[in-house]
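Heads up, the thing below is written out as structure tokens.
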Amino acid sequence: MNFIKVFSNGLYNSKEAYSYFSEDEIINIPFDLYNLIDIDQKTENEFIFPNIIEFLTDLYVTLNIKDKHFKYMDSKLEEINFWKKFSEYLYSDFLYKKEGAILALAKKRSTSNCKYLEDAFISEYYKKNPILTARCLTELFYLKSKKAKGFKKLLVEDFDLIDFISILLLDDEELTNKVLGLNKKYLKKIRTDSIQNFTMNFEIFITNVQGANKIKDFTRDEYIKSINYFEKIYGSYKIDDFYSFYKKALQEMEISHNTGL
Numbered sequence: 002m003n004f005i006k007v008f009s010n011g012l013y014n015s016k017e018a019y020s021y022f023s024e025d026e027i028i029n030i031p032f033d034l035y036n037l038i039d040i041d042q043k044t045e046n047e048f049i050f051p052n053i054i055e056f057l058t059d060l061y062v063t064l065n066i067k068d069k070h071f072k073y074m075d076s077k078l079e080e081i082n083f084w085k086k087f088s089e090y091l092y093s094d095f096l097y098k099k100e101g102a103i104l105a106l107a108k109k110r111s112t113s114n115c116k117y118l119e120d121a122f123i124s125e126y127y128k129k130n131p132i133l134t135a136r137c138l139t140e141l142f143y144l145k146s147k148k149a150k151g152f153k154k155l156l157v158e159d160f161d162l163i164d165f166i167s168i169l170l171l172d173d174e175e176l177t178n179k180v181l182g183l184n185k186k187y188l189k190k191i192r193t194d195s196i197q198n199f200t201m202n203f204e205i206f207i208t209n210v211q212g213a214n215k216i217k218d219f220t221r222d223e224y225i226k227s228i229n230y231f232e233k234i235y236g237s238y239k240i241d242d243f244y245s246f247y248k249k250a251l252q253e254m255e256i257s258h259n260t261g262l
């Protein structure tokens, strides 16, 4: 079965990997994966990206692929510079694609992928996006990046609201305790013993706002607006209708220029 056609027309089930293609067709999969990235970037096909992530997660984590095929695909993906191509997703317009790319690059468990995450951390996430700052730094520590400790120190230099939320999402006990004393400056309405719960709920809130409205990821200023808005409604909001609630929330945050799909 045509691999590109499968990945473009429905959700792929990695548990049934060998029902999609024969062993003879496996030789083309690394090249098809590479080409699918270009197709996705041109068409924003709703299935391609989640299917690529499903395939890569299975290849490197759940391992439904036979060992001989894993060895072939792993080496061939390296040979054709697939991971460099895939790292373009770290700069996607959409939060869920950047999150998926961070995860897949980390689960490859190769220090050679550190450079892609390190570059994105500095140029794309730090001081701009607290969710991805925390997510990326967590995976850099997982990969034993030599730059991870230095990046962690950056979070407490020239400290601001984005750094504060990043640290709480990072779930680093030592760093969290170090900054909790600054609570009154940044989240005046949230009790210190509720801050970490606030941050976890904030991450869910952002994912749902962007997903329900089908919009691009927020800018730095939009993240600051969204943090301030969530602080206002935290503990008092009730969701009766998912889409109505998150569409109204976006309007009330006054984030209107963010173009959707």
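Position one of the sequence shown corresponds to residue 2 (the working numbering), numbered consecutively onward. Backbone N, C-alpha and C fix where the C-beta goes; we use that ideal spot for every residue, glycine too. Treat the numbers as computed from the prediction; the structure is a model and nothing was measured.
*asked:* In whole angstroms, give me the CA-to-CA distance for L262 and D94.
replied: Taking the first residue of the sequence shown as position 1, residue 262 is located at position 261. Taking the first residue of the sequence shown as position 1, residue 94 is located at position 93. Reliability of the predicted coordinates at L262 is poor, the pLDDT of 47 falling under 50, and no value is obtained from them.
*In terms of alpha-carbon separation, which member of M201, I49, L64 lies closest to K16?*
Looking up residue 16 in the sequence shown gives position 15. Of M201, I49, L64, the residue nearest in Cα terms is L64.
*Hey, how far is the Cα of D159 from the Cα of F219?*
Stepping through the sequence shown from its first residue, residue 159 is reached at position 158. Stepping through the sequence shown from its first residue, residue 219 is reached at position 218. Roughly 22 Å between the two C-alpha positions.
*Buried versus exposed call for D68 [16 or more other C-beta atoms within 10 Å across all chains shown]*: Residue mapping note: residue 68 aligns to position 67 of the sequence shown, counting from 1. The residue is exposed, with fewer than 16 neighbouring Cβ atoms inside 10 Å.
*Measure how close the beta-carbons of E253 and I191 come, nearest whole angstrom, since I'm counting them as under 8 Å.*
Residue numbering aside, residue 253 sits at position 252 when the sequence shown is read from its first letter. Residue numbering aside, residue 191 sits at position 190 when the sequence shown is read from its first letter. Between I191 and E253 the Cβ distance is about 19 Å, and since that is not below 8 Å, they are no contact.
*Roughly how many angstroms lie between the CA atoms of K86 and Y35, to the nearest whole one?*
Looking up residue 86 in the sequence shown gives position 85. Looking up residue 35 in the sequence shown gives position 34. One C-alpha to the other measures close to 7 Å.
*Just the Cα atoms here: how many angstroms apart are A250 and I132?*
Here residue 250 refers to the residue found at position 249 of the sequence shown. Here residue 132 refers to the residue found at position 131 of the sequence shown. Cα to Cα, A250 sits roughly 19 Å from I132.
_One question on the structure: do F50 and D41 come within less than 8 Å of each other, judged by their Cβ atoms?_
The residue given as residue 50 occupies position 49 in the sequence shown. The residue given as residue 41 occupies position 40 in the sequence shown. Taking 8 Å as the Cβ cut-off, F50 and D41 qualify as a contacting pair.
*Would you mind giving the Cβ-Cβ distance between A121 and L78, rounded to the nearest angstrom? I have them listed as a contact below 8 Å.*
One-based indexing of the sequence shown puts residue 121 at position 120. One-based indexing of the sequence shown puts residue 78 at position 77. Between L78 and A121 the Cβ distance is about 19 Å, and since that is not below 8 Å, they are no contact.
*Minimum C-alpha distance to S111 - residue among Y61, E204, I228, E255*: Here residue 111 refers to the residue found at position 110 of the sequence shown. Checked all of Y61, E204, I228, E255; the closest Cα to S111 is Y61.
*Thinking C-alpha only, which one of E47, N209, I216, F199 is nearest F237?*
Start at 1 with the first residue of the sequence shown, and residue 237 comes out as number 236. In the sequence on display, residue 237 carries Ser and not Phe. Nearest C-alpha to S237: F199.
*Of the residues K148, K99, K248, which one's Cα is nearest the Cα of E125?*
As a first step, residue 125 must be located in the sequence shown, where it is residue number 124. Out of K148, K99, K248, K99 has the C-alpha closest to the C-alpha of E125.
*Measure the C-alpha to C-alpha separation of Y235 and Y187 and round it to an integer number of angstroms.*
Reading the sequence shown from its first residue, position 234 is the one you call residue 235. Reading the sequence shown from its first residue, position 186 is the one you call residue 187. The straight-line gap from Cα to Cα measures roughly 15 Å.
*Between I5 and D25, is the Cβ-Cβ spacing less than 8 Å?*
Counting from 1 along the sequence shown, the entry for residue 5 is found at position 4. Counting from 1 along the sequence shown, the entry for residue 25 is found at position 24. No, they are not a contact pair.
*Taking Cβ positions, are I228 and F203 nearer each other than 8 Å?*
Your numbering for residue 228 matches position 227 in the sequence shown. Your numbering for residue 203 matches position 202 in the sequence shown. Yes, Cβ-Cβ distance for I228 and F203 is below 8 Å.
*Given R221, which residues of its chain have a CB within under 7 Å of its CB, disregarding the five upstream and five downstream residues?*
Here the question's residue 221 lines up with position 220 in the sequence shown. For R221, where only same-chain residues beyond five positions count, the Cβ hits under 7 Å are K128, K129, I163.
*Rounded to whole angstroms, how far is the Cβ of E140 from the Cβ of A107, which I believe are closer than 8 Å?*
Numbered from 1 along the sequence shown, position 139 holds the residue referred to as residue 140. Numbered from 1 along the sequence shown, position 106 holds the residue referred to as residue 107. Confirmed, about 4 Å.
*E174 versus L156: straight-line alpha-carbon distance, rounded*: Your numbering for residue 174 matches position 173 in the sequence shown. Your numbering for residue 156 matches position 155 in the sequence shown. One C-alpha to the other measures close to 14 Å.
*For E119, does the count of other Cβ atoms within 10 angstroms reach 16, so buried, or fall short, so exposed?*
The residue given as residue 119 occupies position 118 in the sequence shown. The residue in question, E119, is buried, as its Cβ has 16 or more Cβ neighbours within 10 Å.
*In this structure, does DSSP put L171 in helix, strand or coil?*
The count along the sequence shown starts at 1 and reaches residue 171 at position 170. Correct three-state label for L171: helix.
*Under 8 Å by Cβ, that's how I've got K217 and E255 pegged, so tell me the actual separation to the nearest angstrom.*
Translated into the one-based positions of the sequence shown, residue 217 becomes position 216. Translated into the one-based positions of the sequence shown, residue 255 becomes position 254. Going by Cβ atoms, the distance from K217 to E255 rounds to 16 Å, so no, they are not a contact pair.
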